[in-house]
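Inspection log for the structure reproduced underneath, given as structure tokens.
There are 2 protein chains.
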Amino acid sequence: MGRWEPDARDRLVRAALDLFDEQGYENTAVAQIAERAGLTKSTYFRHFRDKREVLFSGQDELLELVTGGIAGASESAGALGAVEGALVAMAVTFTQDRWANGPRRLAVIAANDELRERDALKMAGFARTMKAGLLERGVPELDADVASELGVLALRRGYAQWLEAGGDFAEVARRALEEVRVAAAGLEGAE
Amino acid sequence: MGRWEPDARDRLVRAALDLFDEQGYENTAVAQIAERAGLTKSTYFRHFRDKREVLFSGQDELLELVTGGIAGASESAGALGAVEGALVAMAVTFTQDRWANGPRRLAVIAANDELRERDALKMAGFARTMKAGLLERGVPELDADVASELGVLALRRGYAQWLEAGGDFAEVARRALEEVRVAAAGLEGAE
DNA sequence: TCAAGTGATGGGACTTGGTCTCATCAACCG
DNA sequence: CGGTTGATGAGACCAAGTCCCATCACTTGA
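Residue numbers (full-length UniProt numbering), protein chains in the order written: chain A, 1 to 191; chain B, 1 to 191.
Dropping the structure here:
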């Protein structure tokens, strides 16, 4: 059994989420996750590079969408327009069924420092990728920095809103970005 | 020897930075850091909660300055004005002698994923603390989110500029924040 | 002056994350 | 039917991190 059963990766993800949810991240050993999935520790580490990553798989795919979304934005679009292109491009992976476990996943991450750390790194990765794409388009360095940070903020806010209320992710993210843009434009200086 | 020699913590920090610099973070064991500092692994973990943290000590102190700086900003100051208060308040710890190893530290962090991960968490911590302080002042949630993210961006940019060019940190950070503010205000929408 | 107390350290056992290597077994292919 | 491929199992191994207890330097109070 186990051997050659399909979807080893998915089984590991589900087992991990269940166990983290039931008994907490720290009280769960990798060997235990593997066992529940009908696999072994060796196999776990063949699929995920460490204990945290099981909750963050699919990131690479998203980064490619970000890069493509920014590069594919219309010539005339400004920095934020290109960032919007990135958010909209990400929408193809944000489908209801694939993210049914989104809220549980968020709760588990929020409850643990190690996981929040990994989450912060992932977010920084989005920002870095957006910034690189913007620089590629000729956006000045400062503008690229600001636009990518605001883009990640919009992504975070949009994701949370989408998990809560559902709907079309592209639309939700677009609104979140516009919201953030208006707020940023309205901030006054210090003097 | 070693026992009761003063400054155990500082010795550990210096030993760690030296070793990470010489042979890389991954190739350095905690026991080795402790040994170079004339201490043992046990003592190391009494001073730092894990291997990464030795490069990030002093964070709590900075968070307190952030909180104080925001709370202490003048009544009439807006969100960004309060954030500026936080950056200026942090300047007391950014003195040339205490940060002589800043560039080496940055290089070591940039060279390693685990350390960049911790760095991302620390930055997220600054943002969270700033946001909390702004909410405390009655700033709307969205504005607090945007202002704190821009504040952290200004902190990062200002810190890098200060390490490179020196000068008064408060002044450098203030300029960085204003720069970021102007760039954010100038970003156009997507339509 | 000395005995008790305090606080930082040493030391070592132990668990677990993570790496590495080799054996095994199912499926595929000629 | 025999060889190849690719995912898995098994187990040794190292380092991170936890825990507990002994030890020693220094302080305090009688």
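From the three backbone atoms N, C-alpha and C, an ideal C-beta is built for every residue, glycine too.
Please identify the residue among B:THR129, B:GLY69, B:ALA71 and B:THR93 whose C-alpha is closest to the C-alpha of B:SER57. B:THR93
B:ALA127 beta carbon less than 9 Å from that of B:VAL139: no
Just to confirm the assignment: which complete beta strand (DSSP E) runs, minimum length 3, are found wholly within the stretch 1-52 of chain A? none
Can you tell me whether B:GLU117 is buried or exposed, with buried defined as 16 or more other CB within 10 angstroms of its CB? buried
Given that a residue counts as buried once 16 or more other Cβ atoms are within 10 Å of its Cβ, and exposed if not, what is B:VAL182? exposed
Check whether the stretch 158-166 of chain B touches the stretch 98-117 of chain B, taking contact to mean three or more Cβ pairs, one atom from each stretch, closer than 8 Å. yes
Proximal residues of chain B, C-beta to C-beta of A:LEU80 below 9 Å: LEU187, GLU188, GLY189 and ALA190
If the criterion is Cβ atoms closer than 9 Å, does the pair A:GLY186 and B:ASP143 meet it? yes
Counting only the same chain and skipping the five closest in sequence on each side, list residues whose C-beta sits under 8 Å from that of A:VAL108. LEU17, PHE20, ASP21, TYR25, LEU55 and LEU115
Which residues of the stretch 101-125 of chain B have a Cβ closer than 9 Å to any Cβ of chain A? Give them in chain order. ASP113, ARG116, GLU117, ARG118, ASP119, ALA120, LEU121, LYS122, MET123, ALA124 and GLY125
If contacts are defined as beta-carbon pairs under 8 Å, then B:THR67 and B:THR28 qualify, I think. What distance do you get, rounded to the angstrom? Contact doesn't hold; Cβ gap of about 34 Å is too wide.
B:ASP10 CB to nearest chain A CB: under 9 Å? no
Which runs of the alpha helix (DSSP H) at least 4 residues long sit entirely within the stretch 96-166 of chain B? Give them in chain order. 102-110, 113-136 and 141-165
Distance check for A:LEU134 and A:SER76, CA to CA, integer angstroms please. 13 Å
Could you say which of B:ARG174, B:ALA184, B:GLY125 and B:ASP113 lies nearest to A:GLU141 if we only look at CA atoms? B:ALA184
Can you tell me the Cβ-Cβ gap for B:ALA37 and B:ALA15, rounded? I've got them flagged as a contact below 8 Å. 4 Å
Identify, in the order they occur along the chain, each residue of the same chain with its Cβ nearer than 7 Å to the Cβ of A:GLU84, setting aside the five sequence neighbours on each side. ARG174 and LEU177
Spatial distance of A:GLY125 from B:ARG49 (CA atoms): 25 Å
Check whether the Cβ atoms of A:VAL180 and A:LEU153 sit closer than 9 Å, and answer yes or no. yes
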